[in-house]
Amino acid sequence: MDDYKLSGDIMMNKLSKFAAVKRALLLIGQAAPMEISTLLPLNFLNGAGPILHLYISKIVIDEAVRLIDSNIRTIADLAGMHLLLGAMLAFLMVIFLLDATRGLATHALGSLRERVVGESRRQLLTKVAGLDDLSLFETPDALNTLKLAEGGTEHLWQLATGIVRLMVGVFAFVPALVLTLGISWWVPLLLFLSVLPAVVLQGRVEEQSWAVEQSQVSNERSKDLIERMILNETYAKEARLYSLHEVLLKRWQSYFRTIFQAKHAVRTKGA
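Numbering (this note's numbering) for the sequence shown: 6 to 276.
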């Protein structure tokens, strides 16, 4: 019975994660539809472009070798090699196209970040402002949840960045898969297996990072409170009057070391 309950809890946890990811994706789509529609073709070019560039380079090299081995004596004979000339022209065009798309993608990615962060902050502020009472600010657990929600805007942006990188990876992987399939059947399989461990490890590190952030949210709130007491003009006079700076700084450093060591342990394990 306990095993059945445990498996049910694990399933509900997975479902809640999938639901959270789904809601995050919907929020990203609602916040920046224009940027996403712009990034799709740009990411296709950024992903498939290097593979196309490599393929054209192969054609240029093959045709250049054939040119050296053939008896080309005049410019007219050289002009007759349409494949070589076309490949050289395509080679230059792909270089210029990739440079242009990288710049456009960087601009679109910056706009995506601003829109996603802005929309997530707007929804958070709207939710908090719509509460009828102040119980949110009087309960430690509720304050911890609010702190996690504030940090969630950055995680939402990281999710959007991960999706963009995933699109580039897919658009690069599919052409590479097609090209390597022409070499031998086991080459695409080897390519896939070589990438899989890094993907799995990255997923585990991200999950552990979020768990650490949840466990350290109370320390994070205390650290932010000390920062406000030192920097905010409301508390600056009292802090100087009672010489609290050294005490506050020591407490801040203690919280910082605790949070840093917990996060550093996850990064070290992932590396």
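Note that beta-carbon positions come from the ideal geometry of N, C-alpha and C, so glycine has one too.
Treat the numbers as computed from the prediction; the structure is a model and nothing was measured.
Judged by beta-carbon spacing, G174 lies beyond the 9 Å limit of L102, meaning their Cβ atoms are not closer than that value.
For M86, no alpha helix (DSSP H) encloses it, and the DSSP letter there is neither H nor E. In the DSSP annotation of this structure, the continuous segment of the alpha helix (DSSP H) that includes T43 starts and ends at P38 to D74.
Taking R226 as reference, the option from G156, A36, L129 and Y60 with the minimal CA-CA separation is G156. Contact between E68 and L89 holds: their C-beta atoms lie close to 4 Å from each other, under 8 Å. Counting C-beta pairs closer than 8 Å gives three or more between the region 216-225 and the region 146-156, which meets the contact rule. When only Cα atoms are considered, I231 and I264 end up about 15 Å apart. With contacts defined as CB atoms closer than 9 Å, A113 and L30 fail to qualify as a contacting pair. Beyond the five residues adjoining it in sequence on each side, M172 comes within less than 6 Å, by CB distance, of N48 in the same chain, given in chain order. In terms of Cα proximity to L164, the closest of L186, F197, R118 and H58 is R118.
With fewer than 16 other Cβ atoms from the protein chains shown falling within 10 Å of its own Cβ, F23 counts as exposed. The C-beta distance from A37 to S140 rounds to 34 Å, too long to fall under 8 Å, and the pair is not in contact. Where L236 is concerned, the enclosing alpha helix (DSSP H) starts and stops at V222 to L236. In the displayed model, W190 falls within coil according to three-state DSSP, outside both helix and strand. With contacts defined by Cβ atoms closer than 9 Å, L182 and L196 form a contacting pair.
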